[in-house]
Amino acid sequence: MAEATPTPAPAKPKRPLPLSRQMVNAQTAKAYEDAWKAAEEGKPIGWSTAIFCQEICEVFDIPILYPENNCATLSARHIGDPYIAHAEGELAYPINICSYSRLNIGYADTLLKHPEQIPHEAPYLPRPTFLLLTNNSCTQLMKWYEQLSEMFDIPIFFMDTLFNYYEEEPKPHKIKYVRSQIENYIKNMEKFLGRKFDWEKFEEVQKISQENCRLFDEIVALNQRKPAPMSGFDLFNYMSCLVICRGKRSTTEIFKQLKKEVEEHIANNTSTFPAEEKYRVHWEGIACWPNLGYNLKTLKNYNVNAVMNGYVTAWDVLYNPGNMDEMAKAYQCSSTNSFSTPAIMDKRVASIKDYGCDGMLCHVNRSCKLMTFHIHVGREIVDEKAHVPVATFDGDQSDPRIFNEAQFETRLQGLVEIMKEKKEEEANG
Amino acid sequence: MYTLGIDIGSTACKCIILSDGKEIAGKGLYPLGTGTIGPKMVFESALKDAGLTREDIHTVLATGYGRFQFDGADSQKSEMTCHATGIHFLMPSARTIVDIGGQDIKALRLDAQGRLDNFVMNDKCAAGTGRFLDVMAGVLNVKTYELGPISDDAQSVVSISSTCTVFAESEVISLLSNNVRIPDLVAGIHASVAGRVAALVFRNGIVPDVTMSGGVALNHGMVRALSAELKTPITVHPLCQYAGALGAALIAYREATK
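Chains as they are written, first to last, in our numbering: chain R, 1 to 429; chain H, 430 to 687.
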């Protein structure tokens with residue numbers, strides 16, 4: 001007699017994505033579709049670092065895609081590992097460099113040598129014809145893009161920014177330095193593309209970009225409410241609109257829809273956080289993309305909502321349209337990576353207070369030294385000024401070998417136990 | 430009322446049975462960790478030591494690396510909270526606790542009431558952990574618990590420059606082949622671990638009194654080296670190895686009587 005086949009448990013029905021998320025997905029798909037179409041027609045396509053002045057390419061109406069954002073997507077979908085292995089193996093890149101760069105360089109080499117293996121759709125990048133590079137969030141980007149430039153034999157348009165060692169705001173000479181480069185970049189793009197730059201359209205794109213940044217700020221600020229209307233991890237998804245389509249009207253529409261949804265959650269006292277919110281933490285560092293699902297599930301199990309993080313506001317490139325000095329300044333300092341540890345941590349302390357966080361959870365990201373090294377000193381500043389406990393865990397933005405589930409849960413549980421004690425103490429006076 | 434705390438570590442299991450949250454009625458220790466017979470054996474040995482059966486135990490609380498894998502527990506708590514609670518019971522004046530576990534290092538800071546206030550742990554690396562000491566003891570062909578007495582005869586402290594456990598192992602083998610005195614080498618091994626651990630403790634801030642918990646605290650050579658590195662005295666309770674299990678039993682009692 002044949003053994004009875006065990007009946008598999010019925011699949012848990014997936015909750016339908018909110019309209020705003022569907023719009024994000026459609027916008028991303030279109031960005032890739034436009035780029036692949038341009039590639040097939042032999043038109044220019046750029047690969048850009050995450051916080052470049054995308055307004056200029058928007059004016060030239062050229063598709064731009066973002067390798068850092070692309071690496072995050074490939075990692076979250078668990079399809080980036082073969083490219084990391086290729087970069088470390090055949091190409092001999094060391095494990096110590098950023099995993100985004102390893103993944104993207106491994107991908108670029110595959111794209112060059114085996115283009116037939118690459119589907120012409122999202123989330124796969126078509127071959128670029130030029131590169132846009134700025135070092136306002138990371139200095140390793142320069143070496144990464146030099147490699148890409150050599151591999152593809154294409155030019156780099158580079159905007160150099162300066163670190164702000166001792167000041168809260170960039171000094172005038174730094175603003176002048178970046179402004180002159182933006183202006184020079186426009187001239188060089190005119191030469192490269194053989195087209196004149198449309199300054200009127202530029203101001204329009206700047207206006208859209210500013211509207212989008214402000215809308216996003218307003219939405220993020222809504223998470224100050226207790227309980228928060230959004231799971232903080234949602235911000236990682238929506239921030240991609242600012243990364244890849246900051247100057248587009250479609251992003252405005254998405255953010256208007258999102259704001260409406262969030263306000264509805266507030267009105268109905270509901271949230272996208274899938275559990276009761278007992279604790280609120282401030283997340284420090286880039287998301288642990290390969291382990292995003294596990295992180296969220298574990299946070300949910302401990303009723304912890306990471307309501308805010310110091311990463312999502314990096315695309316807050318705020319300036320008055322038409323004001324090139326302000327634009328230069330904004331690109332100089334939108335990412336807190338360009339500031340000293342005390343300056344960064346003062347912003348985190350303010351944010352912890354604004355968002356009513358009970359603790360801080362820091363991703364010690366093996367790839368991103370810049371966003372990690374300040375944590376070890378920074379936690380003392382947070383401890384002293386915000387009076388909240390801080391826990392760290394090991395992980396990586398793309399390399400799945402660093403994160404450890406047991407370690408993450410132990411540290412989170414320890415943090416929760418301290419937060420619980422403190423809350424009970426406060427409640428008992 | 431009897432409550433039981435079980436600390437299931439990566440290399441050893443410890444168990445404490447408390448009577449009315451005040452007195453230790455029984456205890457057990459087994460040198461195997463999670464995923465082995467260790468948890469079962471230590472549970473049974475603590476019951477036997479107390480002259481009790483499972484039915485006599487009101488609440489069981491598990492802690493340590495294997496806390497979620499132990500079916501007999503009513504609830505689980507992190508080892509940070511359990512070590513803090515256990516040490517506060519044993520040594521009420523302690524404000525800084527260092528626990529060198531099999532695969533992690535914890536620097537715990539307690540508030541004036543003895544509650545866990547903040548903690549720092551090592552990154553994903555065996556350097557400075559109990560595993561480092563186990564590996565070095567293996568190279569020297571001695572038992573880990575013998576390292577402390579051996580270091581008493583040190584005339585100097587050999588410098589071990591490698592932080593990585595694997596590289597340090599090679600370095601120790603190389604030093605052995607150069608006929609370096611074993612006590613001096615063991616003192617160097619302790620100093621290497623102490624340097625690594627001290628960096629974490631400094632990061633969390635040192636508030637006296639400073640103590641060590643866990644099995645490594647029984648290695649007086651290690652305590653001496655860490656005390657020198659931290660430039661502060663470290664006191665150790667004879668039951669330091671049971672601190673996590675004791676904390677678990679105390680929390681179990683509090684939960685049961687809430």
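Glycine is no exception: its CB is placed at the ideal position from the N, C-alpha and C atoms. Computed from a prediction, not measured in an experiment: that's the story for all the values here.
Taking all protein chains in view, the Cβ of Lys187/R is surrounded by fewer than 16 other Cβ atoms within 10 Å, so the residue is classified as exposed. Within chain H, the residues Arg632 have their CB atoms less than 7 Å from the CB of His376/R, given in chain order. In this structure Cys357/R is buried. Its beta-carbon is surrounded by 16 or more other beta-carbon atoms within 10 angstroms. About 5 Å separates the beta carbon of Pro126/R from that of Ala35/R, a gap short enough to meet the 8 Å contact definition. The C-alpha of Gly676/H lies about 11 Å from the C-alpha of Ser642/H. Under the DSSP assignment, Met230/R falls outside any alpha helix (DSSP H); it carries neither an H nor an E label. The bridge partners DSSP lists for Leu361/R are Trp283/R and Ala391/R. In summary, Phe596/H is exposed, with fewer than 16 beta-carbon neighbours lying within 10 Å of its beta-carbon over all protein chains present. Legend: CB atoms of the stretch 272-293 of chain R lying less than 8 Å from CB atoms of chain H are not found in any residue. At least one CB atom of chain H sits nearer than 7 Å to the CB of Asn404/R.
The Cβ of Thr410/R sits closer than 7 Å to at least one Cβ of chain H.
Counting the other Cβ atoms within 10 Å of the Cβ of Glu417/R gives 16 or more, which makes it buried. Taking Leu545/H as the centre and dropping the five residues before and after it, the same chain places the C-beta of Met509, Thr510, Ala513, Leu537 and Leu539 closer than 7 Å to its C-beta, in chain order. Straight-line measurement puts the Cα of Val312/R at about 25 Å from the Cα of Val59/R. For Glu417/R, the chain H residues whose C-beta falls within less than 8 Å of its own C-beta are Lys506, Ser507, Met509, Thr510 and Leu545, listed in chain order.
A Cβ-Cβ distance of about 7 Å is found for the pair Val489/H and Ala681/H, placing them in contact under the 8 Å criterion. For Gln584/H, the number of other beta carbons within 10 angstroms of its own is below 16, and it is reported as exposed. Interface residue (Cβ-Cβ distance to chain R less than 7 Å): Lys443/H is not classified as such. Judged by their CB atoms, Pro321/R and Gln407/R are not nearer to each other than the 7 Å cut-off.
Between the stretch 63-70 of chain R and the stretch 272-280 of chain R, the count of C-beta pairs closer than 8 Å stays below three; the two stretches do not touch. The CB of Glu168/R never comes closer than 8 Å to any CB in chain H; the least such distance is about 26 Å. Judged by beta-carbon spacing, Phe548/H lies beyond the 7 Å limit of Ala555/H, meaning their Cβ atoms are not closer than that value.
Interface criterion met: the Cβ of Asp552/H is under 7 Å from a Cβ in chain R. Of all residues in the stretch 641-672 of chain H, none comes within less than 7 Å of chain R when Cβ atoms are compared.
Using a Cβ distance threshold of 7 Å, Val307/R and Arg280/R count as a contacting pair. Nothing from the stretch 324-349 of chain R brings a Cβ to less than 9 Å from some Cβ of chain H.
Scanning chain H for C-beta atoms nearer than 7 Å to the C-beta of Val364/R yields Asp552, reported in chain order.
With the criterion set as a beta carbon lying under 7 Å from some beta carbon of chain R, the members of the stretch 487-506 of chain H are Tyr494 and Lys506, in sequence order. Taking 7 Å as the threshold, the shortest C-beta distance from Phe518/H to chain R does not fall below it. Contact between the stretch 644-651 of chain H and the stretch 574-584 of chain H is established, with three or more Cβ pairs separated by less than 8 Å. One finds nothing in chain H with a Cβ atom closer than 7 Å to the Cβ of Asp61/R; even the nearest lies about 46 Å away. The criterion of a C-beta distance shorter than 7 Å is satisfied by Tyr302/R and Leu412/R.
Each of Gly624/H, Val626/H and Cys444/H was checked against the Cα of Leu461/H, and the nearest Cα belongs to Cys444/H. Selection Gly567/H, Gly624/H and Gly493/H evaluated against Val586/H yields Gly624/H as nearest (Cα-Cα). For Ser75/R, the uninterrupted alpha helix (DSSP H) segment begins and ends at Pro67 to Ala76. Your pair Ser448/H and Tyr459/H does not check out as a contact, with CB atoms roughly 22 Å apart and the cut at 8 Å.
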